[in-house]
């Protein structure tokens with residue numbers, strides 16, 4: 001192992017960095033995979049998960065009107081016209097059930113009695129595997145009822161109150177009817193509920209989930225691409241480049257160090273592209289946090305490069321290395337939170353996540369970009385990521401000596 | 406049998422080298438000296454110990470016994486001893502997406518060629534290997550012959566005093582082999598000591614100043630190719646009988662009775678005889694009478710291939 005970081009050693013390392021850069025530049029397929037795929041996957045992930053806050057979900061609702069009263073018809077028409085829900089007419093209750101079961105609708109609604117009647121006029125049909133669909137459907141129907149059919153709500157309330165008050169006088173009934181008629185003509189758009197909503201002041205437009213997935217995709221691809229780059233060590237052995245170098249004075253030291261530096265650079269460029277997309281598309285304040293973003297990115301890239309080189313060095317053949325790297329990339333990504341948000345995981349899996357670079361990277365980026373945290377919140381992640389990267393590099397250097405034999 | 410050129414300053418001195426892998430001997434007391442401006446071909450069947458000897462000379466293994474010295478220094482213990490060594494692996498040990506010049510520049514940097522002299526060193530390597538016209542072509546787009554020469558160029562850019570070539574012409578056509586041979590001769594003429602392993606005995610015979618036969622980890626025969634052949638075969642010529650088709654057991658017995666031995670090809674049989682042409686004529690007549698009509702009968706001087714067969718089959722004493 002050559003750890004003589006004199007000018008000669010740096011010159012050799014620079015020569016290997018150049019080899020890696022030219023090699024990638026001339027392999028257009030690999031170039032696209034390395035630099036276009038990460039922002040694309042980030043956009044897909046963030047588009048999917050940005051919607052899970054609930055406001056953007058447009059529920060697909062199959063609706064059957066079996067009551068066939070004037071008010072049930074009005075409700076059906078209001079649901080179909082509502083932008084809050086994608087309502088589709090179904091001829092029968094069974095058809096509603098069929099569509100929900102087949103996944104053609106997220107939930108179903110059967111209007112089985114007049115909406116103003118005292119019974120339970122609505123039946124929500126939902127698939128238990130979509131737990132959120134039933135309450136969401138219920139809320140959307142109530143919303144439409146309150147907005148489009150306030151008179152019906154009033155009449156239903158009157159009907160429910162009547163037994164408790166011992167009946168209404170004719171005058172009271174007449175007044176209620178006039179009020180209902182007026183409401184029907186000019187709806188107040190008051191849902192009559194208990195809640196008023198207040199948005200948090202200075203809330204970020206980017207959303208925590210965007211910062212989360214920017215970090216998650218960054219470390220996922222940094223490791224994936226680093227593994228591909230590190231596999232070059234195997235090619236160097238099989239093509240005789242290693243033999244050539246080991247017969248000279250250089251040995252494999254500059255090759256390993258050169259790859260390490262190149263892979264860090266590659267990781268930083270990938271991160272730049274992902275976070276630039278996050279800032280441009282979702283307004284995540286990356287530039288404003290550049291001072292902490294850069295060390296985080298360098299540490300995460302160094303970690304990915306070191307882990308990849310260490311793992312590939314442990315293997316004896318390219319096939320072995322390919323298999324191990326695929327396994328490690330997928331498992332670390334799954335446990336570390338690059339695929340599914342960590343807050344959705346059971347506690348033991350969240351704890352296990354701290355044994356992956358992914359969790360440290362994701363948390364560090366979230367702390368910086370979402371919670372506006374200072375250096376105190378991220379220095380530990382920097383240390384862990386850098387230390388793991390350097391350990392991997394050292395292992396690769398030690399194992400490169402094994403090739404001599 | 407050995408007739409080494411007289412030189413006071415050998416580049417490589419291998420003395421009584423012994424090495425074993427897991428108790429299985431690979432080298433059993435090998436001695437070898439190589440001088441500047443000399444081409445030495447190391448021959449031997451697979452498993453004879455050629456690769457182990459090369460690895461010992463490159464400093465990749467420390468022999469169990471004996472010494473290997475490159476210009477007086479042990480390459481396994483003193484990395485600087487390897488500075489004057491260039492290795493051309495059997496595979497194309499280059500980066501395929503990089504051009505020939507870029508590859509040579511890379512290996513020049515790794516071989517400590519000073520930055521100031523880099524361009525001149527690359528130019529020299531390109532010229533010596535006659536690859537100037539392909540300098541800016543990615544290696545993956547080169548023909549087999551150019552790839553082989555580029556492979557050599559990357560190993561000579563730092564002007565080594567010893568060049569080791571492992572099967573330098575495997576898998577290339579005749580023209581490409583000629584071109585590689587010309588490059589190797591050119592390097593020899595510049596004073597480079599060339600050590601090559603090859604299975605191409607015609608190439609070894611035509612190119613090498615000396616050859617050495619390794620068998621079971623021992624150098625059993627060493628010397629100038631023509632001298633070795635003359636000593637082994639004297640005035641005898643090789644008579645080759647080429648049959649039109651494979652023959653049955655009776656036919657084989659008949660050929661054996663004529664003193665012919667089967668070669669690697671079942672339709673080609675051979676024997677050695679001092680009175681080659683006269684014997685060939687009589688042999689042809691007798692075989693025709695026996696119904697074994699030869700397609701062709703050749704008479705030629707024995708080659709290294711004949712010698713190799715004798716050594717490999719242990720018909721020639723060490």
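Chains as they are written, first to last, in this note's numbering: chain A, 1 to 405; chain B, 406 to 723. Think of the CB as a built atom: it goes at the ideal place given N, C-alpha and C, for glycine as much as any other residue. All values derive from a computational prediction rather than experimental measurement.
Roughly how many whole angstroms lie between the Cα atoms of residue 36(A) and residue 220(A)?
-> The sequence position of residue 36(A) within the first chain is 36, counting from 1. The sequence position of residue 220(A) within the first chain is 220, counting from 1. Computed Cα separation, rounded: 14 angstroms.
Taking the continuous alpha helix (DSSP H) assigned at residue 289(A), which residues delimit it?
-> The residue given as residue 289(A) occupies position 289 in the first chain. Where residue 289(A) is concerned, there is no enclosing alpha helix (DSSP H), given that its DSSP letter is neither H nor E.
Within 8 angstroms, strictly: CB atoms of residue 589(B) and residue 459(B) | Here residue 589(B) corresponds to residue number 184 of the second chain, with the count starting at 1. Here residue 459(B) corresponds to residue number 54 of the second chain, with the count starting at 1. Cβ distance not < 8 angstroms, so residue 589(B) and residue 459(B) don't count as in contact.
Alpha helix (DSSP H) containing residue 162(A): first to last residue?
-> Position 162 of the first chain, counted from the first residue, corresponds to residue 162(A). Note, residue 162(A): alpha helix (DSSP H), 150 to 165.
Note down the Cα distance separating residue 269(A) from residue 432(B), rounded to an integer number of angstroms.
-> The residue you call residue 269(A) lines up with position 269 of the first chain. The residue you call residue 432(B) lines up with position 27 of the second chain. Using only the alpha carbons, I get a separation of about 51 angstroms.
Inter-residue spacing [alpha-carbon to alpha-carbon] between residue 85(A) and residue 75(A) = Stepping through the first chain from its first residue, residue 85(A) is reached at position 85. Stepping through the first chain from its first residue, residue 75(A) is reached at position 75. Cα to Cα, the separation comes out at about 13 angstroms.
Give the C-beta separation of residue 506(B) and residue 559(B) to the nearest angstrom, bearing in mind that I take them to be a contact with Cβ-Cβ under 8 angstroms.
-> As a first step, residue 506(B) is located in the second chain; it is residue number 101 there, counting from the start. As a first step, residue 559(B) is located in the second chain; it is residue number 154 there, counting from the start. Rounded, the Cβ-Cβ distance is 10 angstroms, inconsistent with contact.
Neighbourhood of residue 117(A) by C-beta distance below 8 angstroms, restricted to the same chain and skipping five residues each side = To locate residue 117(A), count along the first chain from 1; it is residue 117. Closer than 8 angstroms at the Cβ level, and outside the excluded window around residue 117(A), lie 156, 159.
Could you tell me how far apart the beta carbons of residue 490(B) and residue 480(B) are, in whole angstroms, since I believe they sit closer than 8 angstroms?
-> Counted from its first residue, the second chain places residue 490(B) at position 85. Counted from its first residue, the second chain places residue 480(B) at position 75. Going by Cβ atoms, the distance from residue 490(B) to residue 480(B) rounds to 7 angstroms, so yes, they are a contact pair.
Would residue 260(A) be called buried (16 or more neighbouring beta carbons within 10 Å of its own) or exposed?
-> To locate residue 260(A), count along the first chain from 1; it is residue 260. Looking at its Cβ environment, which holds 16 or more other Cβ atoms inside 10 Å, residue 260(A) is buried.
Near residue 391(A), which residues of its chain fall below 8 angstroms by C-beta distance, leaving aside the five closest residues on each side in sequence?
-> Residue mapping note: residue 391(A) aligns to position 391 of the first chain, counting from 1. Counting only Cβ-Cβ distances below 8 angstroms, and skipping sequence neighbours, we find 306, 310.
With a cut-off of 8 angstroms on the beta carbons, I'd call residue 46(A) and residue 365(A) a contact; round off their distance for me.
-> For the purposes of this step, residue 46(A) is taken as the residue at position 46 of the first chain. For the purposes of this step, residue 365(A) is taken as the residue at position 365 of the first chain. Contact flag wrong, Cβ pair sits at about 13 angstroms.
Could you run through the stretch 496 to 528 of chain B and flag, in chain order, every residue whose CB is less than 8 angstroms away from some CB of chain A?
-> 496, 497, 498, 499, 500, 502, 503, 507, 510, 511, 512, 514, 515, 516, 517, 520
Start and end residues, alpha helix (DSSP H) containing residue 692(B) | As a position in the second chain, residue 692(B) is number 287, starting the count at 1. Unbroken alpha helix (DSSP H) run through residue 692(B): 681 to 694.
Rank 326(A), 18(A), 222(A) by C-alpha distance to the C-alpha of residue 33(A) and give the top, closest one.
-> What you label residue 33(A) is simply residue 33 of the first chain in a count that begins at 1. The shortest Cα separation from residue 33(A) among 326(A), 18(A), 222(A) belongs to 222(A).
Output yes if chain B places a C-beta closer than 8 angstroms to the C-beta of residue 372(A); else output no.
-> Numbered from 1 along the first chain, position 372 holds the residue referred to as residue 372(A). Closer than 8 angstroms: no.
By how many angstroms is the C-alpha of residue 335(A) removed from the C-alpha of residue 325(A)?
-> The sequence position of residue 325(A) within the first chain is 325, counting from 1. The sequence position of residue 335(A) within the first chain is 335, counting from 1. Approximately 15 angstroms, taken between the alpha carbons.
Count the CB pairs spanning the stretch 618 to 626 of chain B and the stretch 447 to 457 of chain B that are closer than 8 angstroms, and state whether there are at least three.
-> yes
Skipping 5 residues on each side, what residues in its chain have a beta carbon closer than 8 angstroms to that of residue 231(A)?
-> For the purposes of this step, residue 231(A) is taken as the residue at position 231 of the first chain. Same-chain partners within the cutoff: 312, 318, 321, 322, 325.
Test item: CB-CB of residue 543(B) and residue 504(B) under 8 angstroms | As a working note, residue 543(B) is residue 138 in the second chain. As a working note, residue 504(B) is residue 99 in the second chain. In contact: residue 543(B) and residue 504(B) (Cβ atoms closer than 8 angstroms).
Within its chain, find whatever has a CB closer than 6 angstroms to the CB of residue 386(A); leave out the 5 residues flanking it on each side and keep chain order.
-> Within the first chain, numbered from 1, the residue matching residue 386(A) stands at position 386. The answer, listed in chain order, is 299, 302.
Enumerate in chain order the residues of its own chain whose CB-to-CB distance from residue 339(A) is below 7 angstroms, with the five nearest sequence positions on each side excluded.
-> Residue mapping note: residue 339(A) aligns to position 339 of the first chain, counting from 1. 333.
Is residue 400(A) closer than 8 angstroms to residue 252(A) when the C-beta atoms are compared?
-> Along the first chain, one-based indexing puts residue 252(A) at 252. Along the first chain, one-based indexing puts residue 400(A) at 400. For residue 252(A) and residue 400(A), yes; Cβs fall inside 8 angstroms.
Have a look at the DSSP bridge pairing and note the partners of residue 418(B).
-> To locate residue 418(B), count along the second chain from 1; it is residue 13. Looking at the DSSP assignment, residue 418(B) forms a beta bridge with 438(B), 474(B).
When DSSP labels each residue in this structure, what does residue 3(A) get in the three-state scheme?
-> Against the first chain, residue 3(A) aligns to sequence position 3. Residue confidence for residue 3(A) is low, a pLDDT of 44 falling below 50, so the modelled location carries little weight; the figure read from the coordinates is stated next. Coil, per DSSP.
Between the Cα of residue 664(B) and the Cα atoms of 707(B), 643(B), 628(B), 513(B), which residue gives the shortest distance?
-> The sequence position of residue 664(B) within the second chain is 259, counting from 1. Measuring from the Cα of residue 664(B), the nearest candidate turns out to be 643(B).
To the nearest angstrom, report how far apart residue 693(B) and residue 699(B) are at their CA atoms.
-> Reading the second chain from its first residue, position 288 is the one you call residue 693(B). Reading the second chain from its first residue, position 294 is the one you call residue 699(B). Spanning the two alpha carbons is a distance of roughly 7 angstroms.
Quick one: residues in its chain with C-beta nearer than 7 angstroms to the C-beta of residue 21(A), no 5 flanking neighbours on either side, listed in chain order?
-> Your numbering for residue 21(A) matches position 21 in the first chain. Contacts found: 262.
Return the first residue and the last residue of the alpha helix (DSSP H) that residue 264(A) is part of.
-> Taking the first residue of the first chain as position 1, residue 264(A) is located at position 264. That run of the alpha helix (DSSP H) goes 253 to 282.
Could you tell me whether the stretch 165 to 172 of chain A touches the stretch 88 to 106 of chain A, using the rule of 3 or more Cβ pairs below 8 angstroms?
-> no
Residue range of the alpha helix (DSSP H) that residue 355(A) falls in?
-> Start at 1 with the first residue of the first chain, and residue 355(A) comes out as number 355. Per DSSP, residue 355(A) belongs to no alpha helix (DSSP H) and is neither H nor E.
Taking C-alpha atoms, which residue in 243(A), 28(A), 276(A), 211(A) lies nearest to residue 370(A)?
-> By 1-based counting over the first chain, the position of residue 370(A) is 370. Comparing Cα-Cα distances from residue 370(A) to each of 243(A), 28(A), 276(A), 211(A), the minimum goes to 211(A).
Locate the beta strand (DSSP E) running through residue 569(B), then write down its first and last residues.
-> One-based indexing of the second chain puts residue 569(B) at position 164. From DSSP, the beta strand (DSSP E) with residue 569(B) extends over 567 to 571.
What do you reckon, are the CB atoms on residue 450(B) and residue 717(B) nearer than 8 angstroms?
-> As a position in the second chain, residue 450(B) is number 45, starting the count at 1. As a position in the second chain, residue 717(B) is number 312, starting the count at 1. For residue 450(B) and residue 717(B), yes; Cβs fall inside 8 angstroms.
So residue 699(B) is in the beta strand (DSSP E); what residue range does that whole segment cover?
-> As a position in the second chain, residue 699(B) is number 294, starting the count at 1. 699 to 705 is the span of the beta strand (DSSP E), which, as asked, contains residue 699(B).
Are the C-beta of residue 9(A) and some C-beta of chain B separated by less than 8 angstroms?
-> Here residue 9(A) refers to the residue found at position 9 when the first chain is read from its first residue. Residue 9(A) does not count as touching chain B.
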